[in-house]
Structure formats: C-alpha cells, structure tokens
Amino acid sequence: MKILILDDDTLRAEGWRDELRRFNLGLDVVAARKEYVSEVISDLHKARLAARESAKEVAPYSGLSEYDLVILDYDLLGLDSEHSAAWSTGAEIAYAARLMANVGPMLLVNQYGTDSFDLTMRKSIGSYADYDIGHKQLVTKNLFSFSKFAGFRPWSWPNLLLECSRFKLMAEYVFNHLNEPVLSTLGFNSSDYNSPKFLRREIVGVLGVDEGTTFREIVVNRHCVGIFNILEKDESILNSLPDMQLARISSVVVWHWLERVVLPAQDTLCDLPHLVYFLPWLLADKALSVAEWEAQCDMERKMEMVDDYAFSPSCFFSRPVYWLKEIKERASVPSGFLISNVPRLVFCEDVSRFVQEDDAVDFYPDIYAADAVRWVSGDEDRRQFGVNYEPQGYLMG
1 MKILILDDDT LRAEGWRDEL RRFNLGLDVV AARKEYVSEV ISDLHKARLA ARESAKEVAP
61 YSGLSEYDLV ILDYDLLGLD SEHSAAWSTG AEIAYAARLM ANVGPMLLVN QYGTDSFDLT
121 MRKSIGSYAD YDIGHKQLVT KNLFSFSKFA GFRPWSWPNL LLECSRFKLM AEYVFNHLNE
181 PVLSTLGFNS SDYNSPKFLR REIVGVLGVD EGTTFREIVV NRHCVGIFNI LEKDESILNS
241 LPDMQLARIS SVVVWHWLER VVLPAQDTLC DLPHLVYFLP WLLADKALSV AEWEAQCDME
301 RKMEMVDDYA FSPSCFFSRP VYWLKEIKER ASVPSGFLIS NVPRLVFCED VSRFVQEDDA
361 VDFYPDIYAA DAVRWVSGDE DRRQFGVNYE PQGYLMG
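Quick note: the sequence shown uses the UniProt record's numbering, first residue 1, plus one each step.
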C-alpha cells in the first residue's frame with residue numbers, strides 16, 4: 001500500500017511516516033517535501049482553472065494516481081505564500097483533487113480537532129474528505145485492521161488497507177450504471193412506505209435526488225450539495241469531464257451519503273453489531289455467550305443465515321451491511337428463545353465492541369433514526385483515552 005502525506009510541516013509528516021512504517025504492514029509511505037506539496041496544490045488549481053475555460057474534454061490530473069491513500073493536513077498556512085498553493089486548506093485540496101484528479105481515498109487531518117469523538121455523528125456529512133481524524137489518532141494500527149481493536153477505535157473508521165481497491169470497485173460500478181437511477185439501482189424505495197427498503201424523505205433529501213435522478217445527474221446537475229457541494233463556478237467543468245471521472249466523483253458522493261447518513265440510522269440498512277443488538281435471536285443459543293457477541297465486532301464477518309438480505313453491491317460499504325426490515329419480516333424467533341437470558345450488553349461506538357450496559361453511557365446523536373440511542377464507553381475508560389467527546393452536553397442525560 002502506497003501512501004502520500006501532504007503537510008506544510010515536513011518534520012511532522014516524516015514523523016507520521018516513520019510511525020506508520022513501524023506497523024510492519026508493508027506500508028510504503030512518502031512524506032512529501034513542502035516544495036512538492038506546493039507543486040501538487042498549484043497543479044490542481046491550474047488544472048481546475050483551465051478546465052473552467054475549456055470547451056473540450058478534460059483529462060484528469062494524474063499526479064496522485066499512483067497512491068492508494070492520500071493524507072492531507074487541514075492547516076497548510078506554512079506553505080510558500082508567493083505561489084498559487086498559498087492559503088489553501090486541506091479541505092479545499094480534497095475538493096479540487098476529487099473533482100480534477102484520478103485519486104483514491106483521501107484522509108484529512110485536524111479539520112474537526114486533534115483528538116475528538118463526534119457525539120452528533122453527523123459533523124462530517126458535508127466534508128470533502130473521505131475520512132476526518134485528528135493527528136493524535138492517525139498513527140494507530142486500529143486504522144489498518146478489521147477486528148480485535150484495542151482502546152479507542154470508532155466504529156465509523158474503515159480498514160484503510162482495503163479502501164483503495166473498494167474505491168476502484170465503486171467507480172467501476174457507477175461507470176457501468178452512470179445513466180441509471182441511483183435509488184432503484186441500489187435497491188431503495190422512496191415512495192412505498194410499506195416497503196422494507198423504504199427510505200424516508202429526509203434521508204433521500206440529503207442527497208438531493210428523486211426516484212429518477214441518475215448517477216450522472218447527481219454530479220452534472222449538482223444535486224449533491226448537501227453531501228459534496230460542487231461550486232457554481234465549477235459547473236462548466238462537469239460537462240467536460242470524461243465519464244470515468246464523473247463515475248469516480250459520483251461513486252464517492254453516493255458512498256459519503258450511504259456511510260454518513262443512511263447507515264448511522266441503522267434502521268433501513270444495518271451492520272452486523274447493530275443487527276444482533278436489535279435482533280439478538282439471530283445468534284440463537286449462542287446469544288448467551290459474551291464471546292459470540294464480541295465476535296460480531298469484525299468488519300469482515302458475515303452472518304450466513306442472513307446472506308440473502310445483504311446489501312449489494314457490497315463495495316459501497318466498508319463492512320457487511322444488511323436490509324434490517326426484510327430480516328425482521330422473514331427471520332423467525334427460534335422456539336424457546338428467551339430475551340431475558342441474553343447478556344445485558346450494548347455496542348459502544350467509540351471502541352467498536354460490546355460491553356456490559358452498566359459500563360457504558362448512552363447518548364442521542366443527531367441522526368435520521370426513530371431509535372437514535374447509541375452508546376460509548378463509561379466515564380473511567382473515556383478519561384483514560386484522553387479523547388474529547390464533543391459536544392459534552394450529549395453525555396449529560
């Protein structure tokens with residue numbers, strides 16, 4: 001896996017590089033010099049400006065295509081103030097790169113703090129970056145693994161080792177369905193309230209689509225402003241981009257919506273830990289085993305008995321995801337199953353594992369869900385993590 005770090009502080013970038021290399025995961029990490037960072041940013045700005053004025057098809061910028069992951073610092077004020085890279089933020093670079101470049105996943109550092117956990121669970125909905133974390137969270141093996149997490153490890157984090165290949169699969173899928181409606185192609189229904197695949201209007205509205213809106217139209221007609229706000233001045237660029245580049249943009253926009261808006265609700269689509277929490281009888285007699293509950297906290301684990309209800313194409317999520325309401329309708333409770341015998345466990349969003357309910361704290365995030373209660377670690381564990389849980393008022397009952 002090849003990683004590029006773009007920061008205005010070369011020494012800090014080299015420190016991150018060295019720490020990531022120590023994981024012994026075969027990571028090929030490049031800490032770019034300030035001059036190269038300025039050059040990349042300048043090239044992106046120039047490509048974007050030229051595309052605004054061009055009536056011909058524009059070839060995507062290829063300077064980032066060799067990397068599987070690009071890490072961007074948010075604050076880039078330390079770059080040369082005499083060149084076109086001056087005064088850009090990492091968020092602006094993520095925007096320009098997604099629009100103009102053949103680039104995979106981008107991780108933005110410190111846009112929302114150096115070491116925080118978002119209790120609203122929606123702060124990053126409109127972020128141009130694919131992942132937002134603080135620099136104190138960057139050099140952790142938890143970002144490069146799928147199970148057996150240690151300490152602080154939000155469930156929303158992906159396994160970065162797999163993300164580049166997943167991004168390519170998403171783009172290929174959208175390229176092959178570019179002129180097809182987004183919602184029905186992905187299996188959703190926004191008109192029949194009784195459908196198990198029904199999505200409420202407020203969730204669909206965040207993406208800015210109706211039943212007929214295609215993957216192409218999301219981008220070229222700028223429907224996606226609630227998720228990825230394409231500027232009006234860049235509208236002319238969209239009609240000059242080749243279809244593959246439009247597919248890359250559209251696939252990422254749709255994925256942002258799915259992972260940041262649809263999945264956190266855990267009511268139409270549901271991942272495995274939340275699925276067994278809502279429907280513990282899916283574990284049958286194993287529901288009595290704490291170890292069996294812990295085994296569900298694996299981003300690659302699947303449940304064979306509900307495979308028929310798995311979301312497809314699976315590349316649009318960083319973990320297996322299922323149609324919850326279909327399972328509720330069709331999966332019967334085993335004879336003799338008693339909910340009173342099930343351990344009183346809850347799933348903690350900040351550590352990606354089940355703990356005893358008495359050892360956790362509930363909170364109500366700002367998500368699009370009827371049942372919005374979620375859980376984080378108890379007071380003592382949170383103090384040991386040293387992480388800022390924000391806003392603090394969400395933990396005060």
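C-beta atoms are modelled at their ideal positions from N, C-alpha and C, and glycine is treated no differently.
As the structure is a prediction and not an experimental result, all values here were calculated from the model.
> Mind checking whether the beta-carbon of F167 lies closer than 7 Å to any heavy atom of the ligand GTP?
Replying inline: This structure lacks the ligand GTP, and indeed carries no ligand of any kind.
>> Assuming V225 and G208 are in contact, meaning their beta carbons sit under 8 Å apart, how far apart are those beta carbons, in whole angstroms?
In response: 6 Å
> Per DSSP, V70 is paired with what?
Replying inline: L4, M106
>> Under DSSP, the beta strand (DSSP E) around E390 begins and ends at which residues?
In response: Taken as a continuous stretch (DSSP letters only), the beta strand (DSSP E) holding E390 covers 388-390.
> Based on Cα-Cα distance, which residue from V361, L64, S147, V174 lies nearest to L161?
Replying inline: S147
>> Taking DSSP's pairing of strands, which residues face R374 in a bridge?
In response: The partner list for R374 (beta bridge, DSSP) reads F363.
> Secondary structure at R344, three-state DSSP: helix, strand or coil?
Replying inline: coil
>> Please tell me whether T213 and P242 are closer than 8 Å, where the distance is taken between their beta carbons.
In response: no
> To the nearest whole angstrom, what separates the beta carbons of A96 and L44, a pair I think is in contact under 8 Å?
Replying inline: The Cβ separation is near 4 Å, so the contact holds.
> If we ignore side chains and look at the alpha-carbon of each, how far apart do Y36 and K233 end up?
Replying inline: 27 Å
>> In whole angstroms, give me the CA-to-CA distance for C270 and L99.
In response: 30 Å
>> My assumption, with CB atoms under 8 Å, is that L107 sits in contact with D130. Please give the rounded CB distance.
In response: 7 Å
>> Could you give the first and the last residue of the continuous alpha helix (DSSP H) run that contains Q111?
In response: According to the DSSP assignment, Q111 belongs to no alpha helix (DSSP H), since it is labelled neither H nor E.
> Buried or exposed: where does A287 fall if 16 or more other Cβ atoms within 10 Å of its Cβ makes it buried?
Replying inline: buried
> Across which residues does DSSP place L269 in a beta bridge pair?
Replying inline: DSSP, once it has assigned bridges, lists W323 as partnering L269.
>> Less than 8 Å between the C-beta atoms of L283 and Y322, yes or no?
In response: no
> Ends of the alpha helix (DSSP H) at F354?
Replying inline: Where F354 is concerned, there is no enclosing alpha helix (DSSP H), although the beta strand (DSSP E) it sits in stretches over 353-356.
> Y394 lies in the alpha helix (DSSP H); which residues open and close that run?
Replying inline: Unbroken run through Y394: none, as it is neither H nor E.
> Per DSSP, which one or two residues make a beta bridge with D381?
Replying inline: Bridge partners of D381: none, in fact.
>> Can you tell me whether residue 398 is helix, strand or coil according to DSSP?
In response: Past the boundaries of the shown model lies residue 398; the chain is included only from 1 to 397, so the question cannot be answered.
> Any idea which residues DSSP pairs P181 with across the strands?
Replying inline: Paired residues: T214.
>> Pop quiz: D350 and F144 are said to be a contact at Cβ under 8 Å. What is the actual Cβ separation, rounded to whole angstroms?
In response: With a Cβ gap of about 18 Å, D350 and F144 do not count as contacting.
> Out of curiosity, what's the CA-to-CA distance linking E19 and W281?
Replying inline: 43 Å
> Terminal residues of the continuous beta strand (DSSP E) containing residue 475?
Replying inline: A query on residue 475 cannot be resolved here, the shown segment of the chain reaching from 1 to 397 and no further.
> For Y277, which option in N221, L246, R344 has the closest C-alpha, if you only look at C-alpha atoms?
Replying inline: R344
>> For Q296 and P273, I'd like the C-alpha separation in whole angstroms.
In response: One C-alpha to the other measures close to 6 Å.
> For R248, which residues of its own chain have a beta-carbon under 6 Å away from its beta-carbon, when the five flanking residues on both sides are left out?
Replying inline: Spatial neighbours of R248 in its own chain (CB-CB distance under 6 Å, excluding positions within 5 residues in sequence) are listed in chain order as A171.
> What's the gap between the Cα of R330 and the Cα of N194?
Replying inline: 15 Å
>> Suppose you measure from the CA of L238 to the CA of D285; what does that come to, to the nearest Å?
In response: 55 Å
> In whole angstroms, what separates the C-alpha of W375 from that of E300?
Replying inline: 22 Å
>> If you measure between the beta carbons of L258 and F215, is that distance less than 8 Å?
In response: no
> According to DSSP, is residue 402 helix, strand or coil?
Replying inline: An answer regarding residue 402 cannot be provided, because it is not within the stretch 1 to 397 covered by the chain.
> Which first and last residues belong to the beta strand (DSSP E) in which D18 is found?
Replying inline: Careful: D18 lies outside any beta strand (DSSP E), inside the alpha helix (DSSP H) at 10-21.
>> On a Cα-Cα basis, can you pick out the residue from V355, I327, K46 that is closest to S289?
In response: Taking only the C-alpha atoms, the option nearest S289 is V355.
> Name the DSSP beta bridge partners of N24, please?
Replying inline: In DSSP, N24 forms no bridge with anything.
> Is it true that the CB of A31 sits closer than 8 Å to the CB of I5?
Replying inline: yes
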